[in-house]
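As you go down the protein sequences, you meet chains A and B in turn.
Each residue of the first sequence is one higher than the one before, counting from 352 in this note's numbering.
Each residue of the second sequence is one higher than the one before, counting from -8 in this note's numbering.
A virtual CB, placed ideally from N, CA and C, is assigned to each residue, including glycine.
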Amino acid sequence: MKALMSLGALIGVAGLLLLGGMVLDVVPSTYIRLVEGYMPIQMLLEVACYVIGFTGLSYTLNAMGMAIPRFWQGIGFWVFFLLYLKYRMYPPIPFSVRAMYGTVSLVAVFMWVSASEEDWQKFKQPIMNVLDAQTGGNRLLRYLYLVLLPILIGGFSFNAMMPKSEEPIELRTVHPAPPASTKVHGKTYTLQTSQNPYRVNPEGKYDQEFSNANIVEQGMGRLMKPNANPWDDKNQGYLKYVREGGEIFYQNCHFCHGDNLNGRGLHAFAFNPIPANFTDPGTIAQLQETFIFWRVSKGGIGLPNEGFPWASVMPPWEQHLTVDEIWKVVLFEYWHTGYYPRTWD
Amino acid sequence: MGLLAGKRVFSIMALCMMVGLLLLPIVVALPSLAIGEEAPAGDAAKKDGDKVEKGRDVYYKTEGIVVGAPAPKTVDGPRDYPRYNFESRVLLWFANQQHLYYGSFVLAVPIFCMIIEFMGVVTKDKALAKRYDQLAYDFIKISLTAYSLTAILGGILIFTFLTLYPAFFSYLSGIFRPVMHIYALMFVAESGTLYIYYYGWDKMKEGFLKWIHLSMSVILNIIGTLLMFLANSWIGFMMSPAGVDEQGRYLGNIWHVIHTALWNPLNLHRILGNMAFGGGVVAAYAAYKFLASKTDEDRAHYDWMGYIAMALGVAFLIPLPFAGYWLMREVYAYRQQMGITLMGGLLAWLFIIQATMIGILFLSTNYYLWQAMGRMRGAEKYQRYIKYLVFILACGYMVFITPHTMVMTPAELKAMGGQQHPVLGNYGVMSAKNGGINVIITTTVLSFVWYMRGNKVSTVSWAKFGNIFMGIFFACAYFNIIFLAVYGYYIPANVRVGLSVPQVATTLSCLFFMFALNSVMMKGAKQLGPIEWGKISARSQYALIMLATAFTWMMGLMGYIRSSVRLFWHVNEIMRDNSPWAYTHTVGFAANMISFNVLFFWITILFVFWLGSLGAKKVPVESKAGIPGSIPQPIASH
């Protein structure tokens, strides 16, 4: 047990040094890479490692007679987590999300330090000591708090009220609700029931299973499945149309959406926000194919009211492409990213 | 003997009367049902000779004879939208919400009474049985005053409809005409049953008569539930109309009008929601009384009452997210547009707030249970592991509340390099959120298991094996939930939706199997010390108040979301809202309005509690209840 705790303490110290380095900008945030495809779980595991490390550290220090008071344990953990979110995570997390996480972690710390009466007494003892001010040091602290707290609150208030020159926050609806139907090139498509006419097997029949079996592998690298190379001239049906969709994509879309469909094309950073990243599981992977068909056809200009402030420069592609071409591009986007369109059956 | 026989006859007569009251509305309504289907059609046929106009049901796609007028095409003006110098929609929102709060409360509490009274009847320990009986009585007493207020608020709601939305209300009441009076008569039946049930409590407190009394509570709850189902059919019709043609003309089949696409999911969701809400309100009442108590006896009683109410509320809270999931699934199946507006579009941020509230509910519950361990000797062995449960809960919670569309400044957007964050963006989708909430619920189950065995040591011969098995079971459950949450990213969306089934099954397995196994292991267990009712921290009671407030706020929020998903329709795709208020409020305004409704409800319910306490008379307690280990005694006479 002792050995395990010592190992935990070691992890804790190493983790703290690493985070300290990141805070002081000595160690870059990317020093330990967040591995694409595993990032969310990696983050949770990292925080879990820190918790194990802190447990070990606390145990070891306690055994050495240098126990950290519960009050400082609680405050310390909360500060650690705020710093972790700010300096370890990249790209930077927006303040609104950090505020949410910060509040949750503060509540969690409170739950921890007050879970039992004994812990709660330990936690509030330093606060009570300062309030009681039985010693000179505590008396001094109490006066300091008396002066500093109003200044701090005043500072926060001033900062919050002060007019700012930065652009205001936008609560943007990235995926506005689609209409029940859309009219493209004179034909009406019901979004809930329409299907991509090119999702067909070599015999030309609509076949979701066939296309699902031939998309690229997900995960790191995104590799083509064996015998599922769309650029093989012998392929018919789905893979043939993927190739045709790819050709249209690279002639029209990749300038903004990028070679890898990750929204980082040649012109991408001229726009704010940058174009949609199709490789993210929050975009096309969440949507029906007909939704993409509607968005591609109508472009930014065709965003409904709830798409305010209509921050999209995508042209209405129905003015440049045929219906068939749009369906083929949609087909290619799903194939390339390895995602399956949402279906309701 | 003669007196007893008389009472018996009287109670059986009362029970029969209740059954009669239950059946009365149906019997009375039978002719009106028949008329509703045939008479207008007959009239129409007479007027137009043999020509009968037929229409096609917008949902069931069946043909029917048109027997109703088309939905009115309203225009903004004093005829269709008369108004005060105030937004009519907000007034209606307020009246509706208050009626719903009280309605939920008075429907939920009798169900609690039924359960608790039943527990009292079957419990062999006489002292405990008496305690349960007193508790059930306390519950019904609270709901009685609230019941009159519910009826008053219902009246206010109808007057608000009639005054401010006459065209809409006239259309809706025209469609539901065949069942409108059933609803009213059911209300009469509910009132009659409730009063007999309440006032007959003392007269039917023992033996056979008690069983009759218990049967009355069953009938009371059947009536209450049917009432709620009928009310649900109106909102179900407004969201997903059926039984009418494209113009909104009634086609003569009232069952189609009632049984819309969303009726059943709404029914289930509301039953569970009402129960959880009712439990929360009673727990808050007990917490308030606990904090205000001056004696150990009172503290012991209200501590126990709060615990029972919380346990019942949470028992219905646990399956609530799954019922909500079913409702959303049906919404998507009914109209994809509606589903995306709710969860991915215009109202998505409100769902993040909802997730936050759900998390608060479970966090408060866990916190209360950990605090409750403090009143039993022997539970210390679990308390040192609480920090790990906090960590698991916090992780699950953070994943659960991560928004898909993050709020950020354009500068932050640029720094992030796109709308989706590569790490946190993954938490914003359903696969991760299902994992998050299931982890939270499983942890709550674990906290309950720890609480139930807090002051006990199992004496069964296979105790060690049982403990190891339970540990492994929970570990496997966590692993399975998290694995499926991650796996969900690698499979088609329709399969991913299906993954929620094994995730839920895992959580429910923990709930049922672990509770059952724990109960078997703890049978005849060695007690390390008694439960010292009343010896609990004040923080725990604030957790109960937090629980109730979060329930109330969440109910207000979800009601608003459900209602505003119709966007600019009074009746979805049938009757358009042409008032000046046919727009969706901002998130800030909605939040303020919900908070106002919550505040108003709590102020008035405090008044109701105060009224309830006026009738309570103190009686000397028979034994020194409240001292460590003793049973809290009833503190008021009937």
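(Q) Measuring straight from C-alpha to C-alpha, what distance separates Tyr322 of chain A and Thr630 of chain A? (A) Since the first and last residues shown for chain A are 352 and 696, residue 322 of chain A lies out of range.
### Query
In chain order, what residues of the same chain lie with their CB nearer than 6 Å to the CB of Glu28 of chain B, ignoring the 5 residues before and after it?
Counted from its first residue, the second sequence places residue 28 of chain B at position 37. Summary for Glu28 of chain B: the model assigns pLDDT 47, below 50, so the residue's position carries little reliability; its value from the coordinates is reported in the next sentence. Correct list, in chain order: Gly243.
Please report the straight-line C-alpha distance between Ala278 of chain B and Ala363 of chain B, rounded to a whole angstrom.
If you number the second sequence from 1, residue 278 of chain B lands on position 287. If you number the second sequence from 1, residue 363 of chain B lands on position 372. Distance between the alpha carbons of Ala278 of chain B and Ala363 of chain B is about 13 Å.
My parser needs the alpha helix (DSSP H) runs of 4 or more residues fully inside the segment 110 to 162 of chain B; what are they?
117 to 155
Would you say Tyr452 of chain A faces chain B, with C-beta separation under 8 Å as the test?
For the purposes of this step, residue 452 of chain A is taken as residue 101 along the first sequence, with counting starting at 1. Closer than 8 Å to some Cβ of chain B, the Cβ of Tyr452 of chain A qualifies, so yes.
So Gly359 of chain A contacts chain B; which residues on that side make the cut at Cβ distance below 9 Å? Walking along the first sequence from the start, residue 359 of chain A turns up at place 8. Ordered by position in chain B, no residue passes the 9 Å Cβ test against Gly359 of chain A, which lies about 13 Å from the chain.
Any chance the segment 459 to 474 of chain A sits against the segment 420 to 434 of chain A, with 3 or more Cβ pairs inside 8 Å? yes
>> Check this for me: beta carbons of Gly407 of chain A and Met356 of chain A, under 8 Å apart or not?
In response: Position 56 of the first sequence, counted from the first residue, corresponds to residue 407 of chain A. Position 5 of the first sequence, counted from the first residue, corresponds to residue 356 of chain A. A contact, by the Cβ cut-off of 8 Å.
Who are the Cβ neighbours of Pro31 of chain B in its own chain at under 6 Å, not counting the five residues just before and after it? Walking along the second sequence from the start, residue 31 of chain B turns up at place 40. With a pLDDT of 49 at Pro31 of chain B, under the threshold of 50, the modelled position of that residue is not reliable, and the figure given next carries that caveat. Cβ within range, chain order: Val58.
- prompt: Apart from the five residues on each side of it in sequence, which residues of its chain come closer than 8 Å, Cβ to Cβ, to Pro632 of chain A?
  reply: On the first sequence, residue 632 of chain A is found 281 positions in, with the first residue counted as 1. Counting only Cβ-Cβ distances below 8 Å, and skipping sequence neighbours, we find Tyr690.
Whole angstroms are fine: how far does the CA of Asn565 of chain A sit from the CA of Trp246 of chain B?
Position 255 of the second sequence, counted from the first residue, corresponds to residue 246 of chain B. Position 214 of the first sequence, counted from the first residue, corresponds to residue 565 of chain A. If you take the alpha carbons of Trp246 of chain B and Asn565 of chain A, they lie about 47 Å apart.
Using a threshold of 8 Å, state whether the C-beta atoms of Gly336 of chain B and His526 of chain A are closer than that. As a first step, residue 336 of chain B is located in the second sequence; it is residue number 345 there, counting from the start. As a first step, residue 526 of chain A is located in the first sequence; it is residue number 175 there, counting from the start. Taking 8 Å as the Cβ cut-off, Gly336 of chain B and His526 of chain A qualify as a contacting pair.
- With DSSP collapsed to three states, give me the class of Lys515 of chain A. Counting from 1 along the first sequence, the entry for residue 515 of chain A is found at position 164. Residue state, collapsed to three classes: coil.
- Message: Taking beta-carbon pairs under 9 Å, can you tell me which members of the segment 527 to 542 of chain B lie near chain A?
- Response: Ser528, Arg530
- Query: Since Gly372 of chain A contacts Val364 of chain A with CB under 8 Å, what's their CB separation in whole angstroms?
  - Reply: Working through the first sequence from its first residue, we reach residue 372 of chain A at position 21. Working through the first sequence from its first residue, we reach residue 364 of chain A at position 13. Wrong, their Cβ atoms sit about 13 Å apart, outside the cutoff.
- Query: Going by the beta-carbon positions, is the gap between Trp84 of chain B and Met389 of chain B smaller than 8 Å?
  - Reply: Here the question's residue 84 of chain B lines up with position 93 in the second sequence. Here the question's residue 389 of chain B lines up with position 398 in the second sequence. No; because the gap between Cβ atoms is not below 8 Å, this pair is not in contact.
**OP:** Can you check DSSP and say which residues form a bridge with Gln518 of chain B?
**Re:** Counting from 1 along the second sequence, the entry for residue 518 of chain B is found at position 527. Gln518 of chain B pairs with B:Lys447.
*Just to confirm, are Gly659 of chain B and Gly479 of chain B a CB contact at a threshold of 8 Å?*
Absent from the structure is residue 659 of chain B, since the part of chain B shown begins at -8 and ends at 629.
- Item | Alpha carbon of Thr356 of chain B to alpha carbon of Ile596 of chain B, nearest angstrom | Translated into the one-based positions of the second sequence, residue 356 of chain B becomes position 365. Translated into the one-based positions of the second sequence, residue 596 of chain B becomes position 605. Thr356 of chain B and Ile596 of chain B: Cα-Cα distance of roughly 22 Å.
(message) Going by C-alpha to C-alpha distance, which of A:Asn413, A:Ala466, A:Leu434, A:Met390 sits closest to Phe382 of chain B?
(response) Along the second sequence, one-based indexing puts residue 382 of chain B at 391. Residue A:Ala466 is the option with its Cα nearest to Phe382 of chain B.
Original post:
In whole angstroms, what is the alpha-carbon distance linking Gln559 of chain A and Met537 of chain B?
Top reply: For the purposes of this step, residue 559 of chain A is taken as residue 208 along the first sequence, with counting starting at 1. For the purposes of this step, residue 537 of chain B is taken as residue 546 along the second sequence, with counting starting at 1. Those two C-alpha atoms are separated by around 49 Å.
Would you mind telling me which residues of chain B sit closer than 7 Å to Ile392 of chain A, beta carbon to beta carbon, in chain order?
Residue mapping note: residue 392 of chain A aligns to position 41 of the first sequence, counting from 1. Within 7 Å Cβ-Cβ: Val477.
Please state whether the Cβ-Cβ distance between Val436 of chain B and Met505 of chain B is less than 8 Å. Residue mapping note: residue 436 of chain B aligns to position 445 of the second sequence, counting from 1. Residue mapping note: residue 505 of chain B aligns to position 514 of the second sequence, counting from 1. It is a contact, given that the beta carbons lie within the stated cut-off.
Query - Beta-carbon proximity check, Tyr241 of chain B vs Ile173 of chain B, cutoff 8 Å - result: In the second sequence, counting from the first residue as 1, residue 241 of chain B sits at position 250. In the second sequence, counting from the first residue as 1, residue 173 of chain B sits at position 182. Not closer than 8 Å, so no.
task = Could you tell me which chain B residues have their CB closer than 9 Å to the CB of Ile625 of chain A, listed as they occur along the chain?
result = The residue labelled residue 625 of chain A in the question sits at position 274 within the first sequence. Neighbours of Ile625 of chain A on chain B, chain order: Leu404, Lys405, Gly408, Gly409, Gln410.
Q) With a Cβ-Cβ cutoff of 8 Å, do Leu155 of chain B and Ser231 of chain B count as a contact? A) One-based indexing of the second sequence puts residue 155 of chain B at position 164. One-based indexing of the second sequence puts residue 231 of chain B at position 240. Result no, Cβ atoms of Leu155 of chain B and Ser231 of chain B do not sit closer than 8 Å.
*Who are the neighbours of Gln472 of chain A on chain B, taking C-beta pairs under 9 Å?*
As a first step, residue 472 of chain A must be located in the first sequence, where it is residue number 121. Chain B residues near Gln472 of chain A: none, gap ~11 Å exceeds 9 Å.
For this session: Could you say if the segment 429 to 443 of chain B and the segment 643 to 652 of chain A meet the contact criterion of at least three C-beta pairs nearer than 8 Å?
Result: no
Report task. Could you tell me the distance, in whole angstroms, from the CA atom of Asn87 of chain B to the CA atom of Thr450 of chain B? Result -> Taking the second sequence and counting its residues from 1, the one referred to as residue 87 of chain B is at position 96. Taking the second sequence and counting its residues from 1, the one referred to as residue 450 of chain B is at position 459. Cα to Cα, Asn87 of chain B sits roughly 54 Å from Thr450 of chain B.
**Message:** Excluding the 5 residues flanking Met421 of chain B on each side, which residues of the same chain have their C-beta closer than 6 Å to its C-beta?
**Reply:** As a position in the second sequence, residue 421 of chain B is number 430, starting the count at 1. Result list for Met421 of chain B: empty, nothing under 6 Å.
**Request:** Helix, strand or coil for Arg375 of chain B, going by three-state DSSP, please let me know.
**Result:** As a first step, residue 375 of chain B must be located in the second sequence, where it is residue number 384. If DSSP states are grouped into helix, strand and coil, Arg375 of chain B belongs with coil.
Q.
Just to confirm the assignment, what range does the beta strand (DSSP E) spanning Thr541 of chain A have?
A. Position 190 of the first sequence holds residue 541 of chain A. 538 to 541 is the extent of the beta strand (DSSP E) around Thr541 of chain A.
*Kindly list, in the order they appear in chain B, the residues whose Cβ is closer than 7 Å to that of Thr411 of chain A.*
Stepping through the first sequence from its first residue, residue 411 of chain A is reached at position 60. Simply none; closest approach about 17 Å.
_Is there a Cβ of chain A sitting closer than 8 Å to that of Thr393 of chain B, yes or no?_
Taking the first residue of the second sequence as 1, we reach residue 393 of chain B at position 402. For Thr393 of chain B, the answer is yes, since a Cβ of chain A falls inside 8 Å of its Cβ.
Checklist entry - When DSSP builds the beta bridges, which residues end up paired with Ser532 of chain A? => result As a first step, residue 532 of chain A must be located in the first sequence, where it is residue number 181. BP columns for Ser532 of chain A point to A:Thr541.
| message | For the structure I just gave you, are there three or more beta carbon pairs, one from the segment 612 to 628 of chain A and one from the segment 403 to 411 of chain B, closer than 8 Å? | response | yes
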